[in-house]
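Student:
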Amino acid sequence: MTSRAPNCAPQTRRIRKPGSPVVWLAAMTSRQRSLCGLAAHGLWFLGLVLLMDATARPANHSFSRERAANRDENEIIPPDHLNGVKLEMDGHLNKDFHQEVFLGKDMDGFDEDSEPRRSRRKLMVIFSKVDVNTDRRISAKEMQHWIMEKTAEHFQEAVKENKLHFRAVDPDGDGHVSWDEYKVKFLASKGHNEREIADAIKNHEELKVDEETQEVLGNLRDRWYQADNPPADLLLTEDEFLSFLHPEHSRGMLKFMVKEIVRDLDQDGDKQLSLPEFISLPVGTVENQQGQDIDDNWVKDRKKEFEELIDSNHDGIVTMEELEVSKGAYQCCLPGRALGLEAVG
3 MTSRAPNCAP QTRRIRKPGS PVVWLAAMTS RQRSLCGLAA HGLWFLGLVL LMDATARPAN
63 HSFSRERAAN RDENEIIPPD HLNGVKLEMD GHLNKDFHQE VFLGKDMDGF DEDSEPRRSR
123 RKLMVIFSKV DVNTDRRISA KEMQHWIMEK TAEHFQEAVK ENKLHFRAVD PDGDGHVSWD
183 EYKVKFLASK GHNEREIADA IKNHEELKVD EETQEVLGNL RDRWYQADNP PADLLLTEDE
243 FLSFLHPEHS RGMLKFMVKE IVRDLDQDGD KQLSLPEFIS LPVGTVENQQ GQDIDDNWVK
303 DRKKEFEELI DSNHDGIVTM EELEVSKGAY QCCLPGRALG LEAVG
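Going by the numbering used here, the sequence shown opens with residue 3, and the numbers climb by one from there.
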């Protein structure tokens, strides 16, 4: 099935509310199946949606630039934002996911203040690139190839950056980084004296850091353990360090991230989610919690996803098994999986 060139007329700008992390994560699990069916019948519709989305909601490049600036200051810290992945590292929805996975590096050309006519021209240029056989139609295979290519760009960029970041924490070049070595570099990036920190760790002295930094170190240590493949030695290779910084490259790390997100939503500590827990947001997601409480439409959407997409046995409780069913909790985030592209022959 094919499509003609999409109508890229400007749309009314849509304001997207932040979504519950587990809602989206688990929804992707079930939606993968439906998207696989969509791919089999023609990915042209998906492409049309992505093209319309790019014109309807300009990319938030001011936010992206802010994230990039913070990334430069803390290059050895796992980023909150994962390009081409639907979830941020903290479990929040990546609202630029569609644009990232379709536009790739071309996102830089779509500024917030860009004129609609100029954006449409750029989209038509992209359309011509997708239309490999120049028949002014986009087939399912052409769309598959393009999106897989753009997704791969994000992953290749992460791999390239990881090489530089690994060198920063592996000054002796032995190909391994210990947790203590990383901790020294991390605290130095936070403004602490590197030599003093190194000496304190070597002499098993208590580190003088604030409570917030201690909490961050604890979370990073947990992530470090998870990235350390068997046999565990607390020494990360370059590949393991990539999993530490970018869990989208590791199924095991993504599964760990799922558990962290569930832990944040699980208010009674039973390691499963009730509907009230499921439709709530982690502390700090929204500044005005009352604003969420009175947003009936938002609650209705989350409730519908809970009942129709996540709670597979309809018992009113979502278990870890339901969240991880059918490869979904992590494989759907791997290149192309989130769009069901592997189904296209």
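Every residue gets a Cβ at the ideal spot worked out from N, C-alpha and C, and that includes glycine.
No experiment lies behind these values; they were computed from the predicted model shown.
Which residue wins for smallest C-alpha separation from P278, given the options I263, L125 and F308?
Tutor: P278 has its Cα closest to that of F308, out of I263, L125 and F308.
Student: Given this structure, state the Cα-to-Cα distance separating R139 from E159, to the nearest angstrom.
Tutor: Roughly 30 Å separates the two Cα atoms.
Student: DSSP state of L275, grouped into three classes?
Tutor: Of the three classes helix, strand and coil, the one that applies to L275 here is strand, per DSSP.
Student: Which residue wins for smallest C-alpha separation from K261, given the options V320, I149 and A170?
Tutor: When each option's Cα is compared against that of K261, the closest is V320.
Student: Note down the Cα distance separating E214 from K257, rounded to an integer number of angstroms.
Tutor: Their Cα atoms are separated by approximately 25 Å.
Student: Count the other CB atoms, across all protein chains shown, that sit within 10 Å of the CB of Y184; report buried if there are 16 or more and exposed otherwise.
Tutor: Looking at its Cβ environment, which holds 16 or more other Cβ atoms inside 10 Å, Y184 is buried.
Student: Give me whichever residues DSSP pairs with V320 in a beta bridge.
Tutor: BP columns for V320 point to L275.
Student: So which of M322, A170 and A142 has the shortest CA-CA distance to L240?
Tutor: This sequence places Glu at residue 240; Leu is not what is there. Cα-wise, what sits closest to E240 is A170.
Student: Alpha carbon to alpha carbon, what distance is there between S276 and D268?
Tutor: Looking at the two C-alpha atoms, the distance is approximately 8 Å.
Student: Once you ignore the five residues that flank I199 on each side, which residues in its own chain have a CB closer than 8 Å to its CB?
Tutor: Here the set comprises K185, V186, L189, A190 and L209.
Student: Less than 8 Å between the C-beta atoms of D182 and I203, yes or no?
Tutor: In contact: D182 and I203 (Cβ atoms closer than 8 Å).
Student: Measure the alpha-carbon distance for D172 versus V218 and round it to whole angstroms.
Tutor: Cα to Cα, the separation comes out at about 21 Å.
Student: I140 by DSSP, collapsed to three states: which one?
Tutor: I140: strand per DSSP, three-state reduction.
Student: Closest by CA to S282, which one among G177, V301 and D270?
Tutor: Taking only the C-alpha atoms, the option nearest S282 is V301.
Student: Could you check which residue in F104, G271 and A229 has the C-alpha nearest to that of M255?
Tutor: Checked all of F104, G271 and A229; the closest Cα to M255 is A229.
Student: Assign E310 to buried or exposed, taking buried as 16 or more other Cβ atoms, counted over all protein chains shown, within 10 Å of its Cβ.
Tutor: Classification for E310: exposed.
Student: Leaving out five residues before and five after E196 in sequence, what residues of the same chain have Cβ atoms less than 7 Å from its Cβ?
Tutor: The answer, listed in chain order, is V186 and A190.
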